[in-house]
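Engineer:
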């Protein structure tokens, strides 16, 4: 019986102006997962964490991703999966993506890389569909490819890995609940062409800044007048976090995925830690429990441990 | 009396999915211009071409650009300007931008580079305002910087020069008239968020493709479901040009600026010439006179000759 242990990184989707098309992997937090290859078509899921997630394959994000992979494999196989979830569900840090991506990458390693990365992303997207109702790849792709990924299109799937800028990321996760479905429901259906042009100027500049590893261009492009003004209302303290992060030297940042987590880019670890200190203080002021992380962008996606 | 001769390149704005934010310089056609520095605040404009453009400074695009530059200079100066326009006005190939940019770059060379490139773009934008009613930089910036430029924002002006992909450009200019004002009036005021996301995925991918000099990414990203469907109706033969260009191997392309010119990218000169042949044939079928160009992307903007 072959067994493998992997770690699956948290991911930040959207990156402010890259709504629905950009995502990046973090060095931590990372989920831990252990997969064992079985010779019969069976899926056993166990959790070592306290989150009480479903263990029925069809109701578990790692489960549905693995079912899709098993269906595409040449002969009947199964897996025993033991998940130790470190990335809190509902944090906006790609918790469901880490489960789904971690499971299929681990399975593929047990199958001697039978599937391509692109196929793995497609299997894992079934997990996102289960978790949020839509098959999006902006967390899955960076979780599997690592670094910063551009998802030009979900259907057909077109993933463009970008360079990994040498930046530090500070994340704060205020412990409040935002439903992805709610965060999506409040978005405008229509936007002005003028605002759209401004927005695609920024996302184009962000990709240029990342490609040129140019912090100034990155800082100037981290703007969003379309999604952020609507969604930030769901996150107490958002404006204060942004303002004070910029004051202590952050390049910029915004909502991670659909929130409630907020991320900020900095050029040095020292600045990133100052940002963290501000974040902790702000949520103490708000009397909201908050967890923070300081991390580099992870060049690697799901990795064997 | 100091005199200088320069050439100012034609430019292609928008680049399909980069509406209002991307532009590139071509190796030809290029305007020719001769400037002489005068010691008094006087502006003499002469034309060596047949287009009958105004020679009053305030009504001439090179004139208003130079007036802005003269106003910003430390002491009273003037210029004599002789323009030989090669880029036909109203072609959609940045004819007015070439006049305005050519004039201010030449003037700045006579003034021993007193002004920065960014300042020159701002002076030249007065020419665009005169020509089209709006101060945009998507032709001016590449005309001055060369290569492919991203204009993240017009106000404040933020120009990001990108890498110059090793591609050939075929341009056809069907000799019909499209007013920039008309081409702008037919644009939608509002677009769906869904279409906008698709669009910024493409423009982000185009910048990634250019940065990585990757023809496949460039080809996949040259899509536009917002502007092109509306504007192409003003250009007879547009769909046929696009279809047959792709058939003979072009990567893709679309309307140059607000038209009527159409441009296509190819990876080799041979393919670019096949595309040219198709374009010529199509407008012969339509019985519309057409001028074609095969060119590389020019790394250089306005240059001394």
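Residue numbers (my numbering), protein chains in the order written: chain A, -7 to 297; chain B, -7 to 297.
No residue lacks a Cβ here, since even glycine has one placed at the ideal position from N, Cα and C.
These numbers were taken from a predicted model, which means no experiment stands behind them.
1) Could you give the residue range of the beta strand (DSSP E) that holds residue 163 of chain A?
2) Looking at chain A, is there any beta carbon in it that lies within less than 8 Å of the beta carbon of residue 194 of chain B?
3) Counting only the same chain and skipping the five closest in sequence on each side, list residues whose C-beta sits under 6 Å from that of residue 76 of chain B.
4) Buried or exposed: which applies to residue 275 of chain B, given that a residue is buried once 16 or more other Cβ atoms fall within 10 Å of its Cβ?
5) For my contact list, residue 97 of chain B and residue 26 of chain B are in at a C-beta cut-off of 8 Å; report their separation, rounded to the angstrom.
6) Quick test of your reading: residue 218 of chain B and residue 183 of chain B, contact by CB under 8 Å. State the CB separation rounded to the nearest angstrom.
7) Could you check what DSSP says for residue 1 of chain B in three-state terms: helix, strand or coil?
8) Report back the beta-carbon spacing between residue 20 of chain A and residue 85 of chain A to the nearest angstrom; my notes put them in contact at under 8 Å.
9) Please list the partners that residue 11 of chain B has in chain C, where partner means a Cβ-to-Cβ separation under 7 Å.
10) DSSP has residue 28 of chain A in a bridge; who is on the other side?
11) Return the chain-ordered list of same chain residues with a C-beta closer than 6 Å to the C-beta of residue 253 of chain A, the five sequence neighbours on each side being excluded.
12) The alpha helix (DSSP H) spanning residue 115 of chain A covers which residue range?
13) Would you please verify whether the beta carbon of residue 179 of chain A is less than 8 Å from any beta carbon of chain B?
14) Listing by chain order, which chain A residues have their CB less than 8 Å from the CB of residue 182 of chain B?
15) List the whole-angstrom C-beta distance separating residue 69 of chain A from residue 29 of chain A, where the pair is believed to meet the contact cut-off of C-beta under 8 Å.
16) Rounded to a whole number of angstroms, what is the C-alpha to C-alpha distance between residue 135 of chain A and residue 152 of chain B?
17) Less than 6 Å between C-beta atoms, sequence neighbours within five positions excluded: which residues of the same chain meet that for residue 214 of chain B?
18) Would you mind telling me which residues of chain B sit closer than 7 Å to residue 152 of chain A, beta carbon to beta carbon, in chain order?
19) On the criterion of 16 or more Cβ atoms from any shown chain inside 10 Å, does residue 157 of chain B qualify as buried, or is it exposed?
20) Quick one: what does DSSP say residue 302 of chain B is sitting in, helix, strand or coil?
21) Where residue 138 of chain A and residue 159 of chain B are concerned, what is the direct C-alpha to C-alpha distance, given to the nearest angstrom?
22) Spell out the partners DSSP gives residue 288 of chain B in its beta bridges.
23) Can at least three beta-carbon pairs, one atom from the stretch 119 to 131 of chain B and one from the stretch 236 to 243 of chain B, be found at a separation below 8 Å?
24) Name the chain B residues whose beta carbon is nearer than 7 Å to that of residue 142 of chain A?
25) For residue 6 of chain A versus residue 293 of chain A, is the C-beta distance shorter than 8 Å?
26) Give the interface partners of residue 110 of chain A over in chain B, defined as CB-CB distance under 9 Å, in chain order.
27) When you compare the CB of residue 212 of chain B with every CB in chain A, is at least one pair closer than 8 Å?
28) With which residues is residue 18 of chain A paired in a DSSP beta bridge?
29) Work out the CA separation of residue 38 of chain B and residue 44 of chain B for me, nearest whole Å.
30) Counting contacts by CB-CB distance shorter than 8 Å, is residue 250 of chain A in contact with chain B?
31) Given a threshold of 16 other Cβ atoms within 10 Å of its Cβ, counted over all protein chains shown, does residue 119 of chain A qualify as buried or as exposed?
32) Can you find the residues in the same chain that come closer than 7 Å, C-beta to C-beta, to residue 240 of chain B, ignoring five residues on each side of it along the sequence?
33) Cβ of residue 295 of chain A less than 8 Å from any chain B Cβ?
34) Measure from the C-beta of residue 145 of chain B to each C-beta in chain A and report whether the shortest distance is under 8 Å.
35) So, is residue 297 of chain B buried or exposed, given that buried needs 16 or more other C-beta atoms within 10 angstroms?
36) For residue 64 of chain B, which residues in the same chain have their Cβ closer than 8 Å to its Cβ, ignoring the five residues on either side in sequence?
Structural biologist: Taking the structure as given:
1) Boundaries of the beta strand (DSSP E) harbouring residue 163 of chain A: 160 to 166, taken from the DSSP string.
2) At least one chain A Cβ lies under 8 Å of residue 194 of chain B.
3) Excluding positions up to five away in sequence, the list reads 24, 40, 41.
4) Classification of residue 275 of chain B: buried, given that the 10 Å Cβ count is 16 or more.
5) For a cut-off of 8 Å, the C-beta gap from residue 97 of chain B to residue 26 of chain B is around 13 Å, too long to register as a contact.
6) Confirmed, about 6 Å.
7) Strand, per DSSP.
8) So it is not a contact: roughly 10 Å between Cβ atoms.
9) As a matter of chain content, chain C is missing from the structure shown, whose protein chains are A and B.
10) According to the DSSP secondary-structure assignment, residue 28 of chain A is paired through a beta bridge with A/-5, A/72.
11) The residues are 83, 84, 85, 163, 165.
12) It spans 109 to 124 - the alpha helix (DSSP H) in which residue 115 of chain A sits, taken as one unbroken run.
13) Chain B contact via Cβ: present.
14) In chain order: 182, 183, 184, 185.
15) That belief holds up - the Cβ atoms of residue 69 of chain A and residue 29 of chain A are roughly 6 Å apart, short of 8 Å.
16) The C-alpha of residue 152 of chain B is placed about 30 Å away from the C-alpha of residue 135 of chain A.
17) Shown here for residue 214 of chain B: same chain residues with a beta carbon closer than 6 Å to its own, the five before and five after excluded, namely 8, 244 in chain order.
18) Per Cβ cutoff of 7 Å: 197, 200, 209.
19) Here residue 157 of chain B is buried, its C-beta having at least 16 other C-beta atoms within 10 Å.
20) Since the first residue of chain B shown is -7 and the last is 297, residue 302 of chain B is not available in this structure.
21) Looking at the two C-alpha atoms, the distance is approximately 30 Å.
22) Paired residues: B/160.
23) With contact defined as three or more Cβ pairs closer than 8 Å, the stretch 119 to 131 of chain B and the stretch 236 to 243 of chain B are not in contact.
24) Chain B residues near residue 142 of chain A: 196, 197, 200.
25) No, the pair does not count as a contact, with Cβ atoms beyond the cut-off.
26) The contacting residues do not exist; residue 110 of chain A stays about 14 Å from chain B at best.
27) Under the Cβ distance rule, residue 212 of chain B counts among the residues neighbouring chain A, one pair being separated by less than 8 Å.
28) A/289.
29) It is roughly 10 Å from the alpha-carbon of residue 44 of chain B to the alpha-carbon of residue 38 of chain B.
30) Chain B places no beta carbon closer than 8 Å to that of residue 250 of chain A, leaving this residue out of the contacts.
31) It counts as buried.
32) Closer than 7 Å at the Cβ level, and outside the excluded window around residue 240 of chain B, lie 263, 266, 267, 270.
33) Under the Cβ distance rule, residue 295 of chain A does not count among the residues neighbouring chain B, no pair being separated by less than 8 Å.
34) Taking Cβ atoms only, chain A reaches closer than 8 Å to residue 145 of chain B, which makes this a yes.
35) The residue in question, residue 297 of chain B, is exposed, as its Cβ has fewer than 16 Cβ neighbours within 10 Å.
36) Only 107, 111, 115 meet the Cβ criterion.
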